[in-house]
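Numbering (the numbering used here), first residue to last: 1 to 721. Glycine residues also receive a C-beta, built at the ideal position from the N, C-alpha and C atoms. See below for the structure under consideration.
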Ligand code: NOJ
């Protein structure tokens, strides 16, 4: 293949090379004829947002049969959590902690997208995010490097399959490189300040996992990092990604992110932006035209090198060869009908939706409900086939959706289900519909309130300063709780939030994220116990936005707080002496704990953790430590527990996080059944990256936990000599 690439490059004119480095949205670029003309002239290497097998074939024909060298186009699209069959938002997928299932979903998304002519998706988004205000947390794997790495692997392998040249697979794109999730204040596109030690240990591991899984492409981010825009960051792109990680696919900019270096105040003009982008190692420019307009001139002036251009073109051609586009450039136009929203795809969507939902509270075993229970089904998300799909569903179709209402009617019967939405949409402030809600509750034994946020309130540029439920949803929940009937709260949302002021109103809370096409059947299965919840939080739930950023793997501080070392603001005596309350790391209103910790999630059964033990309490470099614990299902139904392994390096040459997730297992147990879970911990999993990128494993004392979540668990300790 490398020989073929070399041969092709040697035949290319400079204009054709630059053409390969340009991607446009045909709808923005010009008329159909103008797009065809540019393709015919070899001036475009890729299009985004063109769908439909026939349309794609028509333009591909121009590229393959009418351009001088016949180089096929890459057709890109945001296929983020499904194409037509919509799976839960990526944050929800991460909550399943089920790599195989996420992979299966990505493979289905690839198949559906491929049947419509798409051969490249701009996913997975694997930006570690520790700020629930940031709207794009919905698209990420949450706060943890290991979970984001799992999502990276699952999606890259799912989209790309074993063999990228299979026409039913598509190229993946790991994004947004890098640090985009660290936007200051959670405001999208904002500045990021990321010391190198965090860059290497927190933000890079998911990209490393994507590269190791063979990701075909990587997208640079919009943000600037420590003063240098990510799309102009030579050390990060050319250095760390391409050289150090050995990434041999190509790098695409985000939409106009090269041109935006002018707005950042980093590029003086478009020409300068093009120079910075290519120098950094961005091989293809999305949407803006600085490469098309200026690379030739920059080359003539000696500001960029031919070697850089050739390297970029080779990388792009390499991916096109890997995709098999030179051998089969066209899409089978008859495929889509039999592929899109295939019943089997819906089954996977339902299963993943079920596994993504997290049971946060279940007082007195309120859930599951018995079939035939008289239920008041209330709230603005009950019958929202569109909103339940979540952000980034360009090709999702609400007509495919099964809403909660539909699923309740089907399963529980219309005569047992009293529907009154109360609010027409989540931001609705009018309480006119509350009278109907009261009537519905009067006829029922249990209230199921489906609240949250509409799809448009999370995702790109949808940051929020407040995390409380929007509209009059808090009042609706108060009304529901005031009638003396048990309340089950279901939350469909793109972010963690909304619960601090309302959770006491519900006996049970099921956090459903935006579950996708099969929201209704998945929820009904969980609510009525046809399935048992197993999801666990991939992100810490704060009490309020004032706690953000918040994450379990924080540093200890010199003055850690504990329950005895802080006083709630309401309990502080008037004129208390300055130091009388103790000086520890907390806030006077929220204390020091989150609302729900990372890794948390309940089941309809209970699991007991016992007998943690280690293969040794002293290990040497290169050894493998075995960590065991017994997990017992102490409840009445079969369930799956996600058992987590955490470690802490007690003393480091740099301060170390209080806990770090190292591994996890899904353990399915029948009632009364016990299993010993064994984790193998290699010593090279115990180290960390120094700010210069070198990895060190430092001898000393370590703590280790086998745990149901980041705040609990069985602890042991060992020494690394
Ligand atoms: C901008 C977004 O940041 C990115 O995630 C997306 O893939 C591109 N637009 C293309 O739509």
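Query - Residues sharing a beta bridge with residue 724, DSSP - result: One cannot answer for residue 724 here, as it falls past the ends of the chain, which runs 1 to 721.
Query raised in the report: If you draw a straight line from the alpha carbon of residue 768 to that of residue 35, how long is it in whole angstroms?
Result: Here the chain comprises residues numbered 1 to 721, so residue 768 is not present and cannot be evaluated.
Query raised in the report: So does residue 219 have its beta carbon nearer than 8 Å to some heavy atom of ligand 1?
Result: yes
**Report entry** Residues sharing a beta bridge with residue 121, DSSP
**Finding:** 77
Query raised in the report: Is any heavy atom in ligand 1 found nearer than 8 Å to the beta carbon of residue 176?
Result: yes
Query raised in the report: Of all residues in the structure, which have a C-beta closer than 5 Å to any heavy atom of ligand 1, taken in chain order?
Result: 78, 122, 254 and 255
Query raised in the report: According to the neighbour-count rule (16 or more other Cβ atoms, all chains shown, within 10 Å of its Cβ), is residue 192 buried or exposed?
Result: buried
Query raised in the report: Just checking, does the segment 360–377 make contact with the segment 148–165 on the three C-beta pairs under 8 Å criterion?
Result: no
Requested in this report: Kindly confirm or deny that the segment 547–563 and the segment 499–514 touch, where touching means at least three C-beta pairs closer than 8 Å.
Outcome: no
Report task. Report yes if the CB atom of residue 353 is closer than 9 Å to the CB atom of residue 23, and no otherwise. Result -> no
Query raised in the report: Would you call the segment 40–57 and the segment 113–120 touching, i.e. three or more CB-CB distances under 8 Å?
Result: yes
Query raised in the report: Is the segment 326–346 in contact with the segment 411–420, if contact means three or more CB pairs nearer than 8 Å?
Result: no
Requested in this report: May I ask you to report which of helix, strand or coil DSSP gives residue 439?
Outcome: helix
Query - Integer-rounded CB distance, given that residue 540 should sit under 8 Å from residue 728 - result: No information on residue 728 is available, as it lies outside the stretch 1 to 721 that the chain covers here.
Query raised in the report: Applying the criterion that 16 or more other CB atoms from any shown protein chain within 10 Å of the CB defines a buried residue, is residue 238 buried or exposed?
Result: buried
Requested in this report: Indicate whether the contact test is met: 3 or more Cβ pairs, each with one atom in the segment 579–588 and one in the segment 519–539, closer than 8 Å.
Outcome: no
Report task. Could you tell me which of 703, 566, 291 and 530 sits nearest to residue 19, measuring between CA atoms? Result -> 291
Query raised in the report: Hey, residue 318 and residue 5: beta-carbon distance below 9 Å or not?
Result: yes
Requested in this report: Decide if the segment 318–338 is in contact with the segment 450–468; the criterion is three or more beta carbon pairs, one per stretch, under 8 Å apart.
Outcome: no
Query raised in the report: Is residue 187 helix, strand or coil when you go by DSSP?
Result: coil
Report task. Use the C-beta contact count for residue 650: other C-beta atoms within 10 angstroms, 16 or more gives buried, fewer gives exposed. Result -> exposed
**Report entry** residue 157 classed as buried or exposed, judged by whether at least 16 other C-beta atoms fall within 10 angstroms
**Finding:** buried
Report task. Could you check if residue 578 is buried or exposed, using at least 16 other CB atoms within 10 Å of its CB as the buried criterion? Result -> exposed
**Report entry** Option in 718, 367 and 83 with minimal Cα separation from residue 526
**Finding:** 367
Query - Closest by C-alpha distance to residue 401, when choosing among 166, 642 and 521 - result: 521
Query raised in the report: Curious, which full-length beta strand (DSSP E) runs of at least 3 residues does the segment 85–131 contain?
Result: none
Query - Reference residue 167, options 108, 71, 141 and 228, closest by Cα - result: 108
**Report entry** Presumed contact (8 Å Cβ cut-off) between residue 491 and residue 446, rounded CB distance
**Finding:** In fact, because the Cβ distance is near 17 Å, the residues do not count as touching under 8 Å.
Query raised in the report: Which ranges would you report for the beta strand (DSSP E) in the segment 403–470 if only whole runs of at least 3 residues count?
Result: 417–420 and 446–452
Requested in this report: Just tell me which of 102, 195, 121 and 693 has its CA closest to the CA of residue 395.
Outcome: 121
**Report entry** Whole-angstrom distance between residue 657 and residue 619, CA atom to CA atom
**Finding:** 21 Å
Query - CB of residue 91 within 9 Å of CB of residue 139, strictly - result: yes
Query raised in the report: If you follow the alpha helix (DSSP H) that residue 489 is part of, which residue opens it and which one closes it?
Result: Note, residue 489: premise wrong, no alpha helix (DSSP H); beta strand (DSSP E) at 487–492.
Query - Three CB pairs or more closer than 8 Å across the segment 321–332 and the segment 158–177 - result: yes
Requested in this report: Please list, in chain order, all residues of the same chain as residue 382 whose beta carbon is under 6 Å from its beta carbon, the five residues on each side excluded.
Outcome: 404, 405, 421 and 450
Query raised in the report: Which residues in the same chain have their Cβ closer than 8 Å to the Cβ of residue 678, if we skip the five residues on either side of it in sequence?
Result: 626, 627 and 628
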